[in-house]
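Data first, discussion second: the structure below is written as C-alpha coordinates.
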Amino acid sequence: MAWLKKLVGAVVILGGVGAVAGWVLSAPVRLDRETLAKLGPGDAARGKRIFYAGGCTSCHAKPGSQGDARLQLVGGLELKTPFGTFVPPNISQDPRDGIGAWSVEDLANAMLKGVSPSGEHFYPAFPYASYARMNPADIGDLYAFLKTLPAVAGKAAGNSLDFPFNVRRGIGLWKLLYLSDQPVVAFPKGTPDPVMAGRYLVEGPGHCGECHTPRDPAGGTKKNEWMAGAVAAEGNGVVPNITSGGEGGLAEWSEADIANYLETGFTPDFDSVGGAMVDVQRNMAELTPQDRAAIAAYLKAIPAHPNGYPARKKTAD
36 MAWLKKLVGA VVILGGVGAV AGWVLSAPVR LDRETLAKLG PGDAARGKRI FYAGGCTSCH
96 AKPGSQGDAR LQLVGGLELK TPFGTFVPPN ISQDPRDGIG AWSVEDLANA MLKGVSPSGE
156 HFYPAFPYAS YARMNPADIG DLYAFLKTLP AVAGKAAGNS LDFPFNVRRG IGLWKLLYLS
216 DQPVVAFPKG TPDPVMAGRY LVEGPGHCGE CHTPRDPAGG TKKNEWMAGA VAAEGNGVVP
276 NITSGGEGGL AEWSEADIAN YLETGFTPDF DSVGGAMVDV QRNMAELTPQ DRAAIAAYLK
336 AIPAHPNGYP ARKKTAD
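First residue of the sequence shown: 36, per my numbering; consecutive thereafter.
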(Lines of atoms letter the chains of each structure in order from A and count residues from 1; the text may use other names and numbers.)
(Lines give C-alpha, C1' and ligand atoms only; values in the text may rest on other atoms or scores of the structure.)
Protein backbone atom coordinates (compact mmCIF):
# COMPACT_ATOMS: atom_id res chain seq x y z
CA MET A 1 0.00 0.00 0.00
CA ALA A 2 2.99 2.27 0.37
CA TRP A 3 3.16 2.71 -3.39
CA LEU A 4 -0.50 3.78 -3.48
CA LYS A 5 0.09 6.42 -0.83
CA LYS A 6 3.05 7.74 -2.83
CA LEU A 7 0.94 7.82 -5.99
CA VAL A 8 -1.87 9.71 -4.28
CA GLY A 9 0.68 12.11 -2.79
CA ALA A 10 2.24 12.72 -6.18
CA VAL A 11 -1.17 13.40 -7.75
CA VAL A 12 -2.03 15.85 -4.98
CA ILE A 13 1.28 17.66 -5.41
CA LEU A 14 0.93 17.85 -9.19
CA GLY A 15 -2.62 19.06 -8.82
CA GLY A 16 -1.49 21.76 -6.42
CA VAL A 17 1.33 22.84 -8.71
CA GLY A 18 -1.08 22.97 -11.65
CA ALA A 19 -3.57 25.05 -9.67
CA VAL A 20 -0.87 27.52 -8.64
CA ALA A 21 0.44 27.74 -12.22
CA GLY A 22 -3.08 28.31 -13.54
CA TRP A 23 -3.68 31.02 -10.96
CA VAL A 24 -0.46 32.80 -11.89
CA LEU A 25 -0.98 32.49 -15.64
CA SER A 26 -4.57 33.74 -15.43
CA ALA A 27 -3.71 36.90 -13.48
CA PRO A 28 -4.86 40.20 -15.05
CA VAL A 29 -2.01 42.05 -16.79
CA ARG A 30 -2.03 45.85 -16.97
CA LEU A 31 -0.29 48.13 -19.45
CA ASP A 32 3.33 49.03 -18.85
CA ARG A 33 4.54 52.58 -18.24
CA GLU A 34 5.93 52.93 -21.75
CA THR A 35 2.53 52.25 -23.31
CA LEU A 36 0.70 54.51 -20.86
CA ALA A 37 3.09 57.34 -21.75
CA LYS A 38 1.83 57.14 -25.35
CA LEU A 39 -1.75 58.01 -24.41
CA GLY A 40 -1.00 61.69 -24.83
CA PRO A 41 -3.15 64.65 -23.77
CA GLY A 42 -6.13 63.56 -25.86
CA ASP A 43 -8.06 65.50 -28.49
CA ALA A 44 -11.87 65.30 -28.42
CA ALA A 45 -12.27 66.09 -32.14
CA ARG A 46 -10.05 63.16 -33.11
CA GLY A 47 -11.72 61.07 -30.42
CA LYS A 48 -15.11 61.53 -32.05
CA ARG A 49 -13.81 59.70 -35.11
CA ILE A 50 -12.57 56.82 -32.95
CA PHE A 51 -15.88 56.76 -31.07
CA TYR A 52 -17.84 56.14 -34.26
CA ALA A 53 -15.25 53.81 -35.78
CA GLY A 54 -15.51 51.76 -32.57
CA GLY A 55 -19.29 51.61 -32.69
CA CYS A 56 -19.68 52.49 -29.02
CA THR A 57 -23.33 53.49 -29.42
CA SER A 58 -24.29 50.13 -30.94
CA CYS A 59 -23.89 48.31 -27.63
CA HIS A 60 -23.89 51.03 -24.98
CA ALA A 61 -26.80 53.27 -26.01
CA LYS A 62 -30.21 52.33 -24.70
CA PRO A 63 -31.78 49.90 -27.21
CA GLY A 64 -33.92 51.74 -29.75
CA SER A 65 -32.33 55.14 -29.14
CA GLN A 66 -32.43 57.69 -31.93
CA GLY A 67 -30.74 61.03 -32.54
CA ASP A 68 -28.86 62.59 -29.64
CA ALA A 69 -30.21 59.88 -27.32
CA ARG A 70 -27.65 57.55 -28.90
CA LEU A 71 -24.99 59.51 -27.04
CA GLN A 72 -26.53 58.63 -23.68
CA LEU A 73 -24.41 55.56 -23.07
CA VAL A 74 -26.49 53.96 -20.34
CA GLY A 75 -26.05 50.37 -21.58
CA GLY A 76 -28.62 47.62 -21.10
CA LEU A 77 -28.63 45.82 -24.45
CA GLU A 78 -28.92 42.05 -23.89
CA LEU A 79 -26.49 39.93 -25.94
CA LYS A 80 -27.72 36.34 -25.72
CA THR A 81 -24.93 33.93 -26.66
CA PRO A 82 -24.14 30.23 -26.15
CA PHE A 83 -22.05 31.26 -23.14
CA GLY A 84 -24.90 33.17 -21.49
CA THR A 85 -26.35 36.67 -21.62
CA PHE A 86 -23.96 39.60 -21.60
CA VAL A 87 -25.21 43.11 -20.84
CA PRO A 88 -23.04 46.07 -21.88
CA PRO A 89 -22.67 48.43 -18.92
CA ASN A 90 -23.29 52.13 -18.49
CA ILE A 91 -20.25 53.93 -19.90
CA SER A 92 -21.64 57.43 -19.57
CA GLN A 93 -19.88 60.07 -17.52
CA ASP A 94 -21.93 59.32 -14.41
CA PRO A 95 -19.23 58.85 -11.73
CA ARG A 96 -21.16 56.19 -9.81
CA ASP A 97 -23.09 54.19 -12.39
CA GLY A 98 -20.89 54.91 -15.40
CA ILE A 99 -17.19 55.55 -16.01
CA GLY A 100 -17.07 59.22 -15.07
CA ALA A 101 -14.56 58.48 -12.34
CA TRP A 102 -12.22 56.52 -14.63
CA SER A 103 -8.82 57.90 -15.53
CA VAL A 104 -7.46 57.70 -19.07
CA GLU A 105 -5.21 54.89 -17.82
CA ASP A 106 -8.30 52.99 -16.66
CA LEU A 107 -9.85 53.28 -20.11
CA ALA A 108 -6.62 52.19 -21.80
CA ASN A 109 -6.29 49.12 -19.58
CA ALA A 110 -9.90 48.21 -20.27
CA MET A 111 -9.62 48.54 -24.06
CA LEU A 112 -6.12 47.23 -24.66
CA LYS A 113 -5.87 44.60 -21.92
CA GLY A 114 -9.46 43.84 -20.93
CA VAL A 115 -8.79 44.72 -17.29
CA SER A 116 -11.15 46.75 -15.09
CA PRO A 117 -10.02 49.54 -12.73
CA SER A 118 -10.57 47.10 -9.84
CA GLY A 119 -8.24 44.58 -11.47
CA GLU A 120 -10.77 42.07 -12.80
CA HIS A 121 -10.92 40.57 -16.28
CA PHE A 122 -13.61 41.89 -18.57
CA TYR A 123 -15.42 39.28 -20.62
CA PRO A 124 -14.44 39.38 -24.31
CA ALA A 125 -18.01 40.18 -25.30
CA PHE A 126 -16.42 43.61 -24.83
CA PRO A 127 -14.30 43.39 -28.02
CA TYR A 128 -10.92 44.23 -26.50
CA ALA A 129 -9.41 41.36 -28.49
CA SER A 130 -9.73 43.80 -31.42
CA TYR A 131 -9.19 47.02 -29.51
CA ALA A 132 -5.83 45.59 -28.38
CA ARG A 133 -4.54 46.50 -31.86
CA MET A 134 -5.31 50.20 -31.38
CA ASN A 135 -2.75 52.95 -30.98
CA PRO A 136 -2.62 54.21 -27.37
CA ALA A 137 -2.93 57.81 -28.59
CA ASP A 138 -6.32 56.96 -30.10
CA ILE A 139 -7.45 55.75 -26.68
CA GLY A 140 -6.38 59.08 -25.23
CA ASP A 141 -8.39 60.90 -27.89
CA LEU A 142 -11.43 58.69 -27.29
CA TYR A 143 -11.22 59.43 -23.56
CA ALA A 144 -11.27 63.16 -24.30
CA PHE A 145 -14.37 62.77 -26.47
CA LEU A 146 -16.19 60.61 -23.94
CA LYS A 147 -15.68 63.41 -21.41
CA THR A 148 -17.86 65.65 -23.61
CA LEU A 149 -20.84 63.26 -23.43
CA PRO A 150 -23.63 63.41 -20.84
CA ALA A 151 -23.66 61.63 -17.50
CA VAL A 152 -26.66 59.30 -17.21
CA ALA A 153 -27.56 57.66 -13.91
CA GLY A 154 -28.66 54.05 -13.69
CA LYS A 155 -26.76 50.79 -13.70
CA ALA A 156 -27.37 48.24 -16.41
CA ALA A 157 -28.35 44.73 -15.35
CA GLY A 158 -25.53 42.29 -14.73
CA ASN A 159 -24.46 39.40 -16.93
CA SER A 160 -26.24 36.06 -16.58
CA LEU A 161 -23.73 33.25 -17.10
CA ASP A 162 -23.58 29.63 -16.03
CA PHE A 163 -20.56 27.85 -14.56
CA PRO A 164 -17.74 27.80 -15.59
CA PHE A 165 -18.23 30.94 -17.69
CA ASN A 166 -19.11 32.98 -14.61
CA VAL A 167 -15.56 32.51 -13.26
CA ARG A 168 -13.79 35.61 -14.50
CA ARG A 169 -10.33 34.41 -13.52
CA GLY A 170 -10.46 31.83 -16.30
CA ILE A 171 -10.57 34.65 -18.86
CA GLY A 172 -6.86 35.15 -18.15
CA LEU A 173 -6.12 31.78 -19.77
CA TRP A 174 -8.35 32.71 -22.72
CA LYS A 175 -6.32 35.88 -23.18
CA LEU A 176 -3.10 33.89 -23.41
CA LEU A 177 -4.52 32.22 -26.50
CA TYR A 178 -6.41 35.03 -28.17
CA LEU A 179 -5.30 38.47 -26.99
CA SER A 180 -2.63 40.00 -29.24
CA ASP A 181 -1.76 43.46 -30.51
CA GLN A 182 -0.46 42.07 -33.81
CA PRO A 183 -2.37 42.58 -37.09
CA VAL A 184 -4.36 39.63 -38.40
CA VAL A 185 -3.56 40.06 -42.10
CA ALA A 186 0.08 40.54 -43.03
CA PHE A 187 0.67 42.62 -46.16
CA PRO A 188 3.96 42.89 -48.07
CA LYS A 189 6.12 45.97 -47.99
CA GLY A 190 4.86 48.57 -50.41
CA THR A 191 1.16 47.83 -49.84
CA PRO A 192 -0.83 51.01 -50.65
CA ASP A 193 -1.47 53.32 -47.71
CA PRO A 194 -5.29 53.10 -47.95
CA VAL A 195 -5.14 49.33 -47.43
CA MET A 196 -2.96 49.74 -44.37
CA ALA A 197 -5.20 52.48 -42.99
CA GLY A 198 -8.20 50.24 -43.59
CA ARG A 199 -6.49 47.37 -41.79
CA TYR A 200 -6.14 49.52 -38.71
CA LEU A 201 -9.77 50.65 -38.77
CA VAL A 202 -11.23 47.20 -39.46
CA GLU A 203 -9.00 45.04 -37.28
CA GLY A 204 -8.75 47.56 -34.44
CA PRO A 205 -11.46 50.04 -33.47
CA GLY A 206 -13.99 48.76 -36.02
CA HIS A 207 -13.69 45.21 -34.58
CA CYS A 208 -15.43 43.86 -37.71
CA GLY A 209 -13.87 40.43 -37.28
CA GLU A 210 -15.68 39.92 -33.98
CA CYS A 211 -18.91 39.26 -35.88
CA HIS A 212 -17.79 38.42 -39.40
CA THR A 213 -15.27 35.69 -38.49
CA PRO A 214 -16.23 32.18 -37.32
CA ARG A 215 -15.21 31.15 -33.81
CA ASP A 216 -13.76 28.01 -32.29
CA PRO A 217 -15.39 26.20 -29.32
CA ALA A 218 -13.56 28.44 -26.85
CA GLY A 219 -14.95 31.58 -28.48
CA GLY A 220 -11.76 32.73 -30.21
CA THR A 221 -11.88 33.96 -33.79
CA LYS A 222 -10.47 31.61 -36.44
CA LYS A 223 -7.79 33.77 -38.01
CA ASN A 224 -7.41 31.35 -40.94
CA GLU A 225 -11.03 32.13 -41.89
CA TRP A 226 -10.81 35.86 -41.29
CA MET A 227 -13.98 37.70 -42.36
CA ALA A 228 -15.46 34.54 -43.91
CA GLY A 229 -18.81 35.07 -42.20
CA ALA A 230 -20.14 33.24 -39.17
CA VAL A 231 -23.16 31.94 -37.39
CA ALA A 232 -24.64 34.88 -35.50
CA ALA A 233 -23.86 34.93 -31.78
CA GLU A 234 -27.54 35.54 -31.19
CA GLY A 235 -30.34 33.56 -32.79
CA ASN A 236 -30.09 31.28 -35.82
CA GLY A 237 -29.02 33.77 -38.46
CA VAL A 238 -25.65 34.28 -40.09
CA VAL A 239 -23.28 37.20 -40.41
CA PRO A 240 -22.18 37.43 -44.06
CA ASN A 241 -18.87 36.66 -45.64
CA ILE A 242 -17.17 39.99 -46.43
CA THR A 243 -14.14 38.60 -48.25
CA SER A 244 -14.21 38.24 -52.03
CA GLY A 245 -14.89 34.51 -51.78
CA GLY A 246 -17.90 32.33 -51.11
CA GLU A 247 -21.57 32.74 -51.87
CA GLY A 248 -22.73 36.19 -50.87
CA GLY A 249 -19.19 37.57 -50.47
CA LEU A 250 -17.87 40.80 -51.93
CA ALA A 251 -16.43 39.38 -55.14
CA GLU A 252 -18.87 41.35 -57.29
CA TRP A 253 -18.57 44.54 -55.24
CA SER A 254 -16.09 47.25 -56.19
CA GLU A 255 -14.30 49.37 -53.62
CA ALA A 256 -16.66 52.19 -54.54
CA ASP A 257 -19.65 49.91 -53.91
CA ILE A 258 -18.39 49.08 -50.42
CA ALA A 259 -17.63 52.69 -49.55
CA ASN A 260 -21.05 53.80 -50.80
CA TYR A 261 -22.77 51.07 -48.76
CA LEU A 262 -20.99 52.24 -45.61
CA GLU A 263 -22.07 55.81 -46.30
CA THR A 264 -25.66 55.34 -47.51
CA GLY A 265 -26.73 51.85 -46.46
CA PHE A 266 -27.55 50.84 -50.05
CA THR A 267 -26.06 47.82 -51.82
CA PRO A 268 -25.12 47.81 -55.52
CA ASP A 269 -28.48 46.08 -56.13
CA PHE A 270 -30.29 48.92 -54.36
CA ASP A 271 -31.19 46.77 -51.39
CA SER A 272 -30.88 48.49 -48.02
CA VAL A 273 -28.95 47.62 -44.88
CA GLY A 274 -30.81 45.57 -42.30
CA GLY A 275 -30.51 43.83 -38.96
CA ALA A 276 -27.64 44.61 -36.62
CA MET A 277 -25.75 46.19 -39.51
CA VAL A 278 -28.10 49.18 -39.41
CA ASP A 279 -26.34 50.57 -36.34
CA VAL A 280 -22.92 49.72 -37.74
CA GLN A 281 -23.63 51.52 -41.01
CA ARG A 282 -24.97 54.52 -39.12
CA ASN A 283 -21.64 54.75 -37.31
CA MET A 284 -19.63 54.27 -40.51
CA ALA A 285 -21.55 57.14 -42.10
CA GLU A 286 -20.01 59.44 -39.47
CA LEU A 287 -16.48 58.71 -40.73
CA THR A 288 -14.69 60.59 -43.47
CA PRO A 289 -14.88 59.50 -47.13
CA GLN A 290 -11.17 58.66 -46.84
CA ASP A 291 -11.83 56.32 -43.92
CA ARG A 292 -14.65 54.51 -45.72
CA ALA A 293 -12.49 54.20 -48.85
CA ALA A 294 -9.68 52.74 -46.74
CA ILE A 295 -12.02 50.15 -45.23
CA ALA A 296 -13.17 49.20 -48.71
CA ALA A 297 -9.58 48.92 -49.98
CA TYR A 298 -8.69 46.61 -47.09
CA LEU A 299 -11.71 44.33 -47.59
CA LYS A 300 -10.85 43.91 -51.27
CA ALA A 301 -7.21 43.17 -50.42
CA ILE A 302 -7.63 40.47 -47.76
CA PRO A 303 -7.54 36.74 -48.64
CA ALA A 304 -10.77 35.34 -50.07
CA HIS A 305 -12.41 32.52 -48.11
CA PRO A 306 -15.44 30.30 -48.64
CA ASN A 307 -18.33 30.97 -46.31
CA GLY A 308 -17.46 30.27 -42.68
CA TYR A 309 -20.94 29.02 -41.76
CA PRO A 310 -22.97 25.97 -42.78
CA ALA A 311 -24.91 26.19 -46.03
CA ARG A 312 -28.50 27.23 -45.53
CA LYS A 313 -31.04 24.50 -46.05
CA LYS A 314 -33.23 24.99 -49.08
CA THR A 315 -36.90 25.36 -48.30
CA ALA A 316 -39.60 23.64 -50.31
CA ASP A 317 -41.52 25.81 -52.78
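Beta carbons: idealized from backbone N, C-alpha and C, even for Gly.
In the DSSP assignment, Gly-281 falls outside any beta strand (DSSP E) and carries neither an H nor an E. Taking a contact as a CB-CB distance under 8 Å, the pair Ala-339 and Gly-280 counts as one, their CB atoms being some 3 Å apart. Counting other Cβ atoms within 10 Å of its Cβ, Thr-299 stays below 16 and is therefore classed as exposed. A distance of 8 Å or more separates the beta carbons of Gly-241 and Leu-177. If you draw a straight line from the Cα of Val-109 to the Cα of Tyr-163, it is about 19 Å long. Counting of Cβ neighbours within 10 angstroms places Val-313 among the exposed residues, the total staying below 16.
When rounded, the separation of the alpha-carbon atoms in Glu-260 and Pro-249 is 7 Å.
When secondary structure is reduced to three states using DSSP, Lys-115 falls in the strand class.
With respect to the C-alpha of Cys-91, the residue from Gln-316, Val-266, Lys-115 having the closest C-alpha is Gln-316. At the C-beta level, Ala-332 and Pro-229 come within 8 Å of one another. Excluding sequence positions up to five before and after Val-308, its CB lies within less than 6 Å of the CB of Gly-300, Gln-316, all in the same chain and listed in chain order. Annotated three-state conformation of Ser-195 is strand, per DSSP.
For His-340, no alpha helix (DSSP H) run applies, since DSSP gives it neither H nor E.
Only residues of its own chain outside the window of five on either side were considered, and among them Val-230 have a CB closer than 6 Å to the CB of Ala-336, listed in chain order.
Look at Phe-222 here: in three-state DSSP terms it is coil, with no helix or strand label. For the options Val-64, Gln-325, Ala-221, Gly-343, the alpha carbon positioned closest to that of Asp-141 is the one of Val-64. Contact between Leu-74 and Gly-193 does not hold, since their C-beta atoms are separated by about 30 Å, which reaches or exceeds 8 Å.
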